[in-house]
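Residue numbers (this note's numbering): 6 to 135.
Even glycine gets a Cβ: it sits at the ideal position worked out from N, Cα and C.
None of these values were measured; they are calculated from a predicted model.
Since the structure comes first, as structure tokens, the remarks are kept for the end.
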């Protein structure tokens, strides 16, 4: 089979296993099935625009806001986040909105320490774009 015909047959095949079904969201509501999207990314420890900071609401803990407006969600998505780096603390989600979410550390650690340990945030958000 020629490479062109092989490529054409792959492109014309239906997308098996590509459906996304979201049963519920933090704010409730219904959206049509084809509007479900998955958006993910990494908020790097050395990002100077949206960096780690020392929180005033949970003394002794570091916090961070991640902006997800490029995902184009129309309501608050489901978000899962983990830390990746050297001896990084766990994080707790706060203030999940359609364009951003925040986290703070589960351990008493400063923003400076989190950056020194190269703690990136790996996140996945699932929601609707229509």
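- In its chain, beyond the 5 residues on either side, 50, 51, 56, 57 have a beta carbon closer than 8 Å to the beta carbon of residue 120.
- Of 98, 72, 43, 114, the smallest CA-CA separation from residue 54 is found for 72.
- Residue 34 counts as exposed, since fewer than 16 other beta carbons sit within 10 angstroms of its beta carbon.
- Spatial neighbours of residue 80 in its own chain (CB-CB distance under 7 Å, excluding positions within 5 residues in sequence) are listed in chain order as 30, 32, 34, 103, 132, 133.
- Nearest to residue 135 by alpha-carbon distance, out of 39, 45, 86, 25, is 39.
- Collapsing the DSSP output to three states places residue 52 in coil.
- Ranked by Cα distance from residue 47, the first of 116, 85, 118 is 85.
- Within the same chain, 41 come within 6 Å of residue 25 by CB-CB distance, once the 5 residues on both sides are set aside.
- Going by C-alpha positions, residue 96 is about 15 Å away from residue 123.
- Residue 81 carries a coil assignment under DSSP once its states are collapsed to helix, strand and coil.
- When DSSP reads this structure, residue 26 sits in no beta bridge, so it has no partner.
- For residue 76, the CB contacts under 8 Å within the same chain, skipping 5 residues up- and downstream, are 42, 44, 82, 130, 132, 134 in chain order.
- In this structure, the beta-carbon distance from residue 110 to residue 68 falls below 9 Å.
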